[in-house]
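Q: Numbering-wise, our numbering puts 179 at position 179 of the sequence shown, and it's gapless, one number per residue.
Using N, Cα and C, we set each Cβ at its ideal position, and we do this for glycine too.
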Amino acid sequence: MDDHVKKVLVIGGGPAGMEAALKIGQAGFGAILVEREPELGGTLKKLVSSFPKWEDPADLISFKAHMLEDNGNVECLTSTTVLSAERSQKGFRVTLRHLKNRGSRELDVDAVILATGFDLMDVSVYGEYGYGIYPNVMSSLEFEERIRGWKEGAEPMPKGVAFFKCVGSRDRSKGFPYCSRICCMYTAKQAGLVKDLFPGTKVYVFYMDYRAAGKGYEEFVRDIIEQKHVRYVRGRPAKVLPENGRLLVRAEDTLMGIPVEVVVDTVVLASAIVPRADTQALTKMFGALTDEYGFIESLPYTPARSGERVFFAGGCGFAVETQGALQQGAAAAAEVIALINKS
Ligand SMILES: Cc1cc2nc3c(=O)[nH]c(=O)nc-3n(C[C@H](O)[C@H](O)[C@H](O)COP(=O)(O)OP(=O)(O)OC[C@H]3O[C@@H](n4cnc5c(N)ncnc54)[C@H](O)[C@@H]3O)c2cc1C
Ligand code: SF4
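1) Between S271 and ligand 3, is the CB less than 7 Å from at least one heavy atom?
2) What separation, rounded to the nearest whole angstrom, lies between the Cα atoms of F295 and N101?
3) CA-CA distance, V274 and G214?
4) For R146, which option in L193, F63, Y217 has the closest C-alpha, if you only look at C-alpha atoms?
5) Evaluate I224 with the Cβ neighbour count: other Cβ atoms within 10 Å of its Cβ, from every protein chain shown; 16 or more gives buried, anything less gives exposed.
6) Given a cut-off of 8 Å on the beta-carbon distance, is the pair G168 and V233 in contact?
7) Would you say D59 lies against chain B (beta-carbon separation less than 8 Å)?
8) List in chain order: all unbroken beta strand (DSSP E) runs of 3+ residues lying wholly within the region 97 to 145.
9) Can you name, in chain order, every residue of its own chain whose Cβ lies under 8 Å from the Cβ of D265, other than the five neighbours on each side?
10) Quick one: what does DSSP say S343 is sitting in, helix, strand or coil?
11) If you scan the region 185 to 217 from start to end, which runs of the beta strand (DSSP E) of 3 or more residues do you find wholly inside it?
12) Look at L77 and L22 and say whether their C-beta atoms are less than 8 Å apart.
13) So, at 7 Å on beta carbons, what are the nonlocal neighbours of W150 in its own chain, with the 5 sequence-adjacent residues on each side left out?
14) Helix, strand or coil for S62, going by three-state DSSP, please let me know.
15) Check whether the region 92 to 107 touches the region 198 to 218, counting contact only when three or more Cβ pairs, one atom from each stretch, lie closer than 8 Å.
16) Let me make sure I understand the geometry here. Which of E55, F118, Y293, D56 has the alpha-carbon closest to that of G42?
17) Given that a residue counts as buried once 16 or more other Cβ atoms are within 10 Å of its Cβ, and exposed if not, what is K414?
18) In whole angstroms, what separates the C-alpha of I340 from that of D110?
19) If you draw a straight line from the C-alpha of G14 to the C-alpha of F63, how long is it?
20) Note down, in chain order, each residue of its chain lying with its Cβ closer than 8 Å to the Cβ of A277, except the 5 sequence neighbours on either side.
21) Does the distance from the CB of M285 to the CB of A85 come in under 8 Å?
22) Select from S180, E252, V260 the residue whose C-alpha is nearest the C-alpha of E321.
23) Since L282 and I11 should fall inside the 8 Å C-beta cutoff, what is the C-beta to C-beta distance between them, to a whole number of angstroms?
24) Which of the three DSSP states is assigned to F220 in this structure?
25) Would you report the Cα separation of L241 and Y129, rounded to the nearest angstrom?
26) Between the alpha carbons of Q26 and G314, how many angstroms are there, rounded?
27) Beta carbon of G192: closer than 7 Å to some heavy atom of ligand 1?
28) For ligand 1, any of its heavy atoms closer than 7 Å to the Cβ of F51?
29) Nearest to G17 by alpha carbon, out of A332, I337, K342?
30) Going by the C-beta, is F118 closer than 7 Å to any heavy atom of ligand 1?
31) Taking the CB atoms as reference points, tell me whether V310 and A288 lie closer together than 8 Å.
32) Just to confirm the assignment, what range does the alpha helix (DSSP H) spanning K23 have?
33) Give every residue of the same chain whose Cβ lies closer than 6 Å to the Cβ of F164, excluding the five residues on either side of it in the sequence, and list them in chain order.
34) Quick one: residues in its chain with C-beta nearer than 6 Å to the C-beta of F312, no 5 flanking neighbours on either side, listed in chain order?
35) How many angstroms separate the CA atom of I337 from the CA atom of V82?
36) Looking at the strands, I want to know which residues DSSP matches up with P242.
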């Protein structure tokens, strides 16, 4: 990459970071996209299918990865992260570290986009649900891997699966007061995928509320309930107990006002979305704002800007679906381009 071309460092190679780097490259500026995993794709890479259109996430990742590869202005550095950063006259001097060969590289960049995504809360604090005790109680992300196993015929068919929504979200006592925004949708998707694979499996979704505000979202959830026959039970489960090698779920159906017990093989916890552990270190390194929970926050009236020459996109700001992450990546790129174009 020409030393005189203005360069932007994009940290995180999920959908938000890929889109941001692509737009910067397409505008004729240099983009250095660093991803600490060996491959691009982020959380999306772990998913087997995507709401609301049942797309294969691998198609989107390879489409974007090819576009990045074909763009001479973008350099993708996988297995790489940022070791340190110092302010320079026109941006930052950063040191990158290759995580496999431990080699490091210094470079000057005009701006940085943080696109490091979100994490899921460690829900072992909900001891009553047995996460970390019973192997078949798992997080939604772990469940994507289980679905993949079922699809490939590597795992035996379940007779019953129960999903618990709002685990850690909207819970001031043990978790977080906020709604994690995307779990109603991906839970419906996962419940539907189980029914597609095994129509005879009994699938329950225990919910306090369901929030499906997005284009086609309400219809998506309705279809899961009415066409795929997933049983939605309103109520918060009280306990998961082992029973003859399976799992007994005790709950209360708050609409009917009656206790409910179901026996299943797998319990899936739709865990709260939280900032990644190293978000604080990164925001400190670059001088970016965070909110009370540690998600990256924007400066007033600048949706994608969080500090001087520091921008952000996607799940590091809060829970967002893939389409939103792509849109935020494009928006952050637009703000960066506007800034470096005139400087
Ligand atoms: C269980 C589950 C199911 C989902 N299902 C759907 C669905 O069906 N449809 C849908 O639209 N959305 C779904 N989502 C949401 C989707 O995964 C996110 O919208 C999307 O991944 C957000 O993209 P992102 O680029 O912001 O973050 P991510 O995809 O998380 O990517 C961030 C990347 O940054 C990298 N990174 C982090 N820190 C550093 C660092 N310090 N240095 C270098 N690299 C770093 C990470 O390794 C990661 O690759 C689901 C999410 C979950 C948890
Ligand atoms: S999106 Fe749905 S499951 Fe997730 S916290 Fe909000 S209401 Fe609960």
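A: If we stick to the structure as given:
1) The model depicted lacks ligand 3 and carries ligand 1 and ligand 2 instead.
2) Going by the C-alpha atoms only, they are around 31 Å apart.
3) Their backbone Cα atoms lie some 22 Å apart in a straight line.
4) Ranking the options by Cα distance to R146, first place goes to L193.
5) Sixteen is the threshold: when 16 or more other Cβ atoms of the shown chains lie within 10 Å of the Cβ of I224, as they do, the residue is buried.
6) Not in contact: G168 and V233 (Cβ atoms no closer than 8 Å).
7) Among the protein chains of the structure shown there is no chain B, as only one such chain exists.
8) Unbroken beta strand (DSSP E) stretches of 3 residues or longer found wholly inside the region 97 to 145: 104 to 109, 111 to 114, 118 to 120, 137 to 139, given in chain order.
9) Here the set comprises N136, P158, K159, G160, V161, R246, L247.
10) In the three-state DSSP reduction, S343 falls in the coil class, being neither helix nor strand.
11) DSSP assignment within the region 185 to 217 yields the following whole beta strand (DSSP E) runs of 3 residues or more, N-terminal first: 202 to 207.
12) Contact flag unset, no.
13) Cβ within range, chain order: L197.
14) S62: helix per DSSP, three-state reduction.
15) Under the three-pair Cβ rule at 8 Å, the region 92 to 107 does not count as touching the region 198 to 218.
16) Nearest C-alpha to G42: F118.
17) Lying before the first or after the last residue shown, residue 414 is absent from the chain, which here runs from 1 to 343.
18) About 7 Å.
19) Each residue's Cα considered, the two are about 13 Å apart.
20) Within the same chain, D119 come within 8 Å of A277 by CB-CB distance, once the 5 residues on both sides are set aside.
21) At the C-beta level, M285 and A85 come within 8 Å of one another.
22) For E321, the nearest C-alpha among the options comes from S180.
23) Confirmed, Cβ separation roughly 7 Å.
24) If DSSP states are grouped into helix, strand and coil, F220 belongs with the helices.
25) Distance between the alpha carbons of L241 and Y129: 8 Å.
26) Between the alpha carbons of Q26 and G314 lies a gap of roughly 20 Å.
27) Distances between the C-beta of G192 and the heavy atoms of ligand 1 are all 7 Å or more.
28) Yes, the Cβ of F51 comes within 7 Å of a heavy atom of ligand 1.
29) Nearest in C-alpha terms to G17, of all of A332, I337, K342, is A332.
30) Taking the Cβ of F118 as the reference point, at least one heavy atom of ligand 1 falls within a distance shorter than 7 Å.
31) Yes, Cβ-Cβ distance for V310 and A288 is below 8 Å.
32) Segment 15 to 26, the alpha helix (DSSP H) holding K23.
33) Taken in chain order, the residues that qualify are F206, P237, L269.
34) These residues qualify, in order along the chain: L114, I296, S306.
35) CA-to-CA, the gap between I337 and V82 works out to about 22 Å.
36) Partner(s): L247.
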